[in-house]
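Here the sequence shown stands for residues 182 to 586, where the numbers follow our numbering. By construction, the Cβ of each residue, glycine as well, lies at the ideal position given by its N, Cα and C atoms. All of these numbers come straight from a predicted model, not from anything done at the bench. One structure is given below, encoded as structure tokens.
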Amino acid sequence: MGSYSMPEETIFRSKLPDIPIDNRRPLHAYCFERMADFADRPCIIDGASGAVMSYADVDLAARRAASGLHRLGVGRGQVIMILLRNSPEFVVAFLAASHRGAVATTANPFYTPAEIHKQAAASGARVIVTESCYVDKVREFSQERGVTVVCVDGPPEGCRHFSELLAADERDLPEVDIDPDDVVALPYSSGTTGLPKGVMLTHRGLITSVAQQVDGGNPNLYFHEEDVLLCVLPLFHIYSLNSVLLCGLRAGAAILIMRKFEISAMLELVQRHRVTVAPLVPPIVLEIVKSPLVDSYDLSSVRTVMSGAAPMGKELVDKFMARLPNATLGQGYGMTEAGPVLSMCLSFAKEPFPVKSGACGTVVRNAELKVVDPDTGASLGRNQPGEICIRGVQIMKGIRIELFP
């Protein structure tokens, strides 16, 4: 990791040079900037059904769904809640919110009704997109608040079907003057203490975060249009939403959607679709290390395995590499409030750097990091434990004031 010293401060920077980032446009426009190159290429693969949506299909569906949101009265700055497991509809709903100038707050469908109600109320959600099996969790709230519930499968009485959004005419979508500093995503995070709070992530901030990872002549995270990305981590979590979905869209890769993790189903999909990049978390890495099923599948297509959300020790890394010796395994570190990526393994780069086993990477480009004494705030030098401070355009706009009631 590069660094430079200011009076009484040591600032850490990426070994990769900064790059120009055009973050003045809406997030969806940035992700689909190279539509002409990717229009007919696979974008979303539904692991459950095998159905494939091309980039053109996804873009059109998102614009139609945005027009459908407009018909439901959702306007710029207003919030929709996406209460879904991984699915093509999750992707379309998120992009539709961006097109409309609206805000998507993502929620774990396995939350209790009380937890979902609190997030929906605190965020001010006008529409909830969910599955019929979760409607009972939001029924009371939606009836009390006049919130529209949209189901991606057969809707119970009083709910709408997602197909109604897709039936809208994209030409009826009004022009929206989206400011780069408008909030587009509102994930909820408890940080290290306290109740969950809405983290305001803007178009400018998320574009910057994605660009820090996959843009430039030597991107820190090398994805390309021939890649097939495994999306088994939940999209309601910022790691998967940002570093899998948004980075994958920007690179023109195919994104293979799994609704939930199950080891044999995952291995079968990796083999069938020749997955090249597998973003994981340590519990899944451990399952792969321990499972005898791994030897029954051809996983030779996997070139990159990313791990995040929790640290992974050298022993686990070494055992995993014995299972997939031809893959590159590395880690990253982040937090929702940082957009989320602070550091990323440089072995993922197009022109990789040597890394230490067990390390969580170096600070992303176009950002600065320092370590301070948590008691005094004094800047610390190399190899001294302290509190991490990160600076860059990718950082959250702020915390939404309405905390959980």
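| query | result |
| --- | --- |
| Residue nearest to Lys196 in terms of C-alpha spacing, selected from Ser528, Leu367, Val255 | Ser528 |
| Reduced DSSP secondary structure (H/G/I, E/B, other) of Tyr514 | strand |
| Three-state class that DSSP yields for Gly579 in the structure shown | strand |
| Sequence-distant residues of its chain with Cβ nearer than 6 Å to Val462 (five each side left out) | Ala490 |
| CB contact flag (His342, Asp363, <8 Å) | no |
| Ser524 - containing beta strand (DSSP E), residue span | 522–525 |
| Coarse secondary structure for Phe322, derived from DSSP in three states | helix |
| Check whether Gln394 and Leu402 have beta carbons under 8 Å apart | yes |
| DSSP-derived helix/strand/coil call for Tyr236 | helix |
| Boundaries (first-last residue) of the alpha helix (DSSP H) holding Leu197 | Leu197 -> no alpha helix (DSSP H), and no H or E assigned at all. |
| Alpha-carbon spacing of His405 relative to Arg581, whole angstroms | 35 Å |
| Spatial distance of Thr286 from Thr311 (CA atoms) | 12 Å |
| 8 Å Cβ cutoff met for Lys245 and Leu347 | Going by the sequence as given, residue 245 is Arg instead of Lys. Yes, Cβ-Cβ distance for Arg245 and Leu347 is below 8 Å. |
| Distance between Glu190 and Arg572 (C-alpha atoms, nearest Å) | 14 Å |
| Three-pair Cβ contact test at 8 Å for the stretch 479–495 versus the stretch 443–459 | yes |
| Segment contact flag, the stretch 252–263 with the stretch 200–212, C-beta cutoff 8 Å, min 3 pairs | no |
| Which of helix, strand or coil DSSP assigns to Glu296 | helix |
| Cross-strand partners of Pro223 (DSSP beta bridge) | Ser235 |
| With 16 other Cβ atoms within 10 Å as the buried cut-off, status of Glu270 | buried |
| Distance, Asp218 Cα to Tyr211 Cα | 14 Å |
| Proximity of Ala277 and Ala247 at Cβ, strictly below 8 Å | yes |
| Whether Ala237 touches Asp227 by CB criterion (8 Å) | no |
| Nearest candidate by alpha-carbon position, reference Glu449, set Val333, Ser477, Arg431, Gly375 | Ser477 |
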